[in-house]
Amino acid sequence: MMTNRDVLSEMEIPISGIHMDLVSSRKATYLRICSDTPMRTLNSSPWGGGFGTHKVMLNRQVDKLYNEADPLREMDDFIQSEGLSPQETAGMLTAARVKDVGYSALTWGADEAADISEYDRKLSQRLGEELLHVCSWVTVGLGNKARAGAELPAASLYPGTINTIVVINGSLTDAAMVNAVITATEAKAAALQALGVHVDGQTATGTTTDAVLIATTCRGQTYSYAGTATTLGYLIGRTVYKAIMASGQLYEKTPY
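All residue numbers for the sequence shown refer to our numbering, where the first residue is 4 and numbers rise by one.
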């Protein structure tokens, strides 16, 4: 797990063709994850939102007072100013420090996943040359923490504070993509519980403006499920959990 600026550039990304940079431009600091080939995405943020096909994913840091009258146009202008294609880019906004991003990666048949099922490991290798890899990046800020289902005062929309990006080396059905969002969200709630984040005496499940982006390389095996009982779901849950723990601990040291 790597979380500071010096180590970010040395992240080991097991998925071929995927590259990550922490960019500090004249206009903003942002996390940029690029793919050599188009990825299929499911994004809860408006910029490249819903199902789509993208080669670039941005997690852009903005001021906590960011309040554009036309945020879609502003984001479009920003992406172009960075020399990127708006059509090929899915973006998120956050007031959290992107330099404190948490990162975790797992490969089925390696790391801790090797102990789950030797049969499944050998089966996945026989299904094709592409192994199942999952990488997760999460930025955590807890200034507007919340508990889903609890009573909350009305609040205005502002940039998300827990942004999750999951990249999967595989192909997922539409249902599995949605399932992946559920699993990532459950892992987020579990990590916040482990971090001891509370709202009015109860465990927080997130913040009021969280976002999640699932991206797949469309290579290798096709997965129809991504719940916690599946190999894919296990890797999603573990990597998101570990990434949130890393970023969340940095936030606790210097909250803002």
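Here a beta-carbon is modelled for each residue, glycine too, at the ideal position from N, C-alpha and C.
The structure displayed is predicted, hence computed values, not measured ones.
Query raised in the report: At what residues does the alpha helix (DSSP H) containing Y237 begin and finish?
Result: T234 to K256
Query raised in the report: In chain order, what residues of the same chain lie with their CB nearer than 7 Å to the CB of V243, ignoring the 5 residues before and after it?
Result: S139, V141, T167, V169, A187, A190 and K191
Query raised in the report: Got a sec? Which residues, its chain only, sit under 8 Å from G251 by beta carbon, not counting five neighbours each side?
Result: Correct list, in chain order: G105, V143, L145, A194, L195, L198 and V200.
Query raised in the report: With a Cβ-Cβ cutoff of 9 Å, do L34 and L45 count as a contact?
Result: no
Query raised in the report: Quick one: what does DSSP say S19 is sitting in, helix, strand or coil?
Result: coil
Report task. Take S47 as the anchor and find which of A108, M60, E85 and P17 has the nearest alpha-carbon. Result -> M60
Report task. Could you please give me the residues that DSSP links to I168 through a beta bridge? Result -> W140 and L216
Requested in this report: Report, in whole angstroms, the separation of the C-beta atoms of V137 and L109, which I expect to be a contact under 8 Å.
Outcome: 6 Å
Query raised in the report: Do you know how far the Cα of N62 is from the Cα of P41?
Result: 18 Å
Query raised in the report: Quick one: what's M60 bridged to in DSSP?
Result: Bridge partners of M60: I36 and A93.
Query raised in the report: Going straight from the alpha carbon of M180 to that of K256, what length do you get?
Result: 34 Å
Query raised in the report: Given a threshold of 16 other Cβ atoms within 10 Å of its Cβ, counted over all protein chains shown, does N70 qualify as buried or as exposed?
Result: Exposed, by the Cβ-count rule.
Query raised in the report: Quick one: what does DSSP say Q224 is sitting in, helix, strand or coil?
Result: coil
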